[in-house]
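Accompanying notes for the structure given below.
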Amino acid sequence: MENILDYQSDQHHDQTLQLLKEFQDHLVTVDTQNEIRSFVSEIDADRYLTKMIDDTKEMNGKLLVLELDGRLIGFIQGIIDPRNDQDDVMYQTTHNAQIEGWIGLVYVDPEFRGRQLGMKLIEAIKKHFVANGCTTLRLLVAIDNVNTVGFYRKFGFIERDIEMALSL
Numbered sequence: 041m042e043n044i045l046d047y048q049s050d051q052h053h054d055q056t057l058q059l060l061k062e063f064q065d066h067l068v069t070v071d072t073q074n075e076i077r078s079f080v081s082e083i084d085a086d087r088y089l090t091k092m093i094d095d096t097k098e099m100n101g102k103l104l105v106l107e108l109d110g111r112l113i114g115f116i117q118g119i120i121d122p123r124n125d126q127d128d129v130m131y132q133t134t135h136n137a138q139i140e141g142w143i144g145l146v147y148v149d150p151e152f153r154g155r156q157l158g159m160k161l162i163e164a165i166k167k168h169f170v171a172n173g174c175t176t177l178r179l180l181v182a183i184d185n186v187n188t189v190g191f192y193r194k195f196g197f198i199e200r201d202i203e204m205a206l207s208l
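In this text, residue positions in the sequence shown follow my numbering: the first is 41, and each later residue adds one.
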């Protein structure tokens with residue numbers, strides 16, 4: 041039986057760090073534009089995990105880990121967007137929610153995919169968002185990460201905005 045737990049650095053740091061490294065390796069494989077590859081090479085997983093933890097604390101978020109038989113097999117990070125400034129016209133034009141929850145990262149070890157575990161992580165983070173007054177849940181995913189886009193669609197996410205990039 042799997043358990044979803046609040047991240048505790050003294051108990052979960054090493055295994056979460058290993059999962060984050062696997063996540064970074066996976067991102068590089070789906071990066072057809074070579075944008076993520078340069079980002080991953082510039083920031084090591086330990087520093088990124090520290091940033092995730094700091095952001096989670098600063099933005100009323102949650103970092104949850106998924107445990108199966110004493111082994112961490114996944115995680116999800118969610119934050120509550122602090123940018124709900126009523127004076128920001130551009131933000132208000134593109135974001136109609138009063139308070140938005142954002143999924144930063146979600147990852148399940150490939151060995152355990154196909155068991156609805158990613159959806160369980162999302163359901164768990166949704167509870168945190170609802171309890172904190174969020175009316176919308178958002179996330180970003182690379183368009184060329186086809187499997188992940190499909191996963192989110194199955195969960196009911198729809199494409200809301202299109203972010204475009206131009207290499208210079």
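The beta-carbon is built from N, C-alpha and C at its ideal position, and this holds for glycine as well.
Grab the span of the beta strand (DSSP E) containing residue 105 for me, first residue to last.
Position 65 of the sequence shown, counted from the first residue, corresponds to residue 105. Segment 102-108, the beta strand (DSSP E) holding residue 105.
In this structure, how does DSSP classify residue 139 when only helix, strand and coil are distinguished?
Numbered from its first residue, the sequence shown carries residue 139 at position 99. Residue state for residue 139 is assigned as coil, using DSSP reduced to three classes.
I need the straight-line Cα distance from residue 118 to residue 200, nearest angstrom please.
The count along the sequence shown starts at 1 and reaches residue 118 at position 78. The count along the sequence shown starts at 1 and reaches residue 200 at position 160. Each residue's alpha carbon lies about 19 Å from the other.
Reduced DSSP secondary structure (H/G/I, E/B, other) of residue 200:
Position 160 of the sequence shown, counting from 1, holds the residue named residue 200. Correct three-state label for residue 200: coil.
Measuring alpha carbon to alpha carbon, tell me which residue in 149, 139 and 142 is nearest residue 111.
Mapped onto the sequence shown, residue 111 falls at position 71. Residue nearest to residue 111 within the set 149, 139 and 142 is 149 (criterion: CA-CA distance).
Integer-rounded CB distance, given that residue 66 should sit under 8 Å from residue 105:
On the sequence shown, position 65 is the one that residue 105 refers to. On the sequence shown, position 26 is the one that residue 66 refers to. A Cβ-Cβ distance of about 18 Å is found for the pair residue 105 and residue 66, leaving them out of contact under the 8 Å criterion.
By alpha-carbon positions, which one of 174, 175, 54 and 157 ends up nearest to residue 192?
In the sequence shown, counting from the first residue as 1, residue 192 sits at position 152. Checked all of 174, 175, 54 and 157; the closest Cα to residue 192 is 157.
Taking just the CA atoms, how far does residue 162 sit from residue 185?
If you number the sequence shown from 1, residue 185 lands on position 145. If you number the sequence shown from 1, residue 162 lands on position 122. Distance between the alpha carbons of residue 185 and residue 162 is about 18 Å.
Taking DSSP as the reference, what is the three-state secondary structure of residue 117?
Reading the sequence shown from its first residue, position 77 is the one you call residue 117. Three-state result, residue 117: strand.
Provide the residue span of the beta strand (DSSP E) that contains residue 45, from first to last.
By 1-based counting over the sequence shown, the position of residue 45 is 5. Here the beta strand (DSSP E) through residue 45 covers 42-46.
Could you tell me how far apart the beta carbons of residue 89 and residue 56 are, in whole angstroms, since I believe they sit closer than 8 Å?
As a first step, residue 89 is located in the sequence shown; it is residue number 49 there, counting from the start. As a first step, residue 56 is located in the sequence shown; it is residue number 16 there, counting from the start. Between residue 56 and residue 89 the Cβ distance is about 6 Å, and since that is below 8 Å, they are a contact.
Under the assumption that residue 44 contacts residue 171 (Cβ atoms under 8 Å), give the Cβ distance between them as a whole number of angstroms.
Residue numbering aside, residue 44 sits at position 4 when the sequence shown is read from its first letter. Residue numbering aside, residue 171 sits at position 131 when the sequence shown is read from its first letter. Contact between residue 44 and residue 171 fails: their C-beta atoms lie close to 15 Å from each other, not under 8 Å.
With distances taken Cα to Cα, identify the nearest neighbour of residue 101 among 142, 58 and 179.
Within the sequence shown, residue 101 is the residue found at index 61, counting from 1. The residue with the shortest Cα to Cα distance from residue 101 is 142.
Out of curiosity, what's the CA-to-CA distance linking residue 86 and residue 145?
Numbered from its first residue, the sequence shown carries residue 86 at position 46. Numbered from its first residue, the sequence shown carries residue 145 at position 105. Each residue's alpha carbon lies about 15 Å from the other.
Taking just the CA atoms, how far does residue 41 sit from residue 99?
Residue mapping note: residue 99 aligns to position 59 of the sequence shown, counting from 1. Residue mapping note: residue 41 aligns to position 1 of the sequence shown, counting from 1. Answer to the nearest angstrom: the Cα atoms are 31 Å apart.
I believe residue 188 touches residue 140 by the beta-carbon criterion, under 8 Å. Please report the beta-carbon distance rounded to the nearest angstrom.
Start at 1 with the first residue of the sequence shown, and residue 188 comes out as number 148. Start at 1 with the first residue of the sequence shown, and residue 140 comes out as number 100. That belief does not hold up - the Cβ atoms of residue 188 and residue 140 are roughly 20 Å apart, past 8 Å.
Report the rounded CA-to-CA distance for residue 114 versus residue 183, giving the unit in angstroms.
Mapped onto the sequence shown, residue 114 falls at position 74. Mapped onto the sequence shown, residue 183 falls at position 143. When rounded, the separation of the alpha-carbon atoms in residue 114 and residue 183 is 22 Å.
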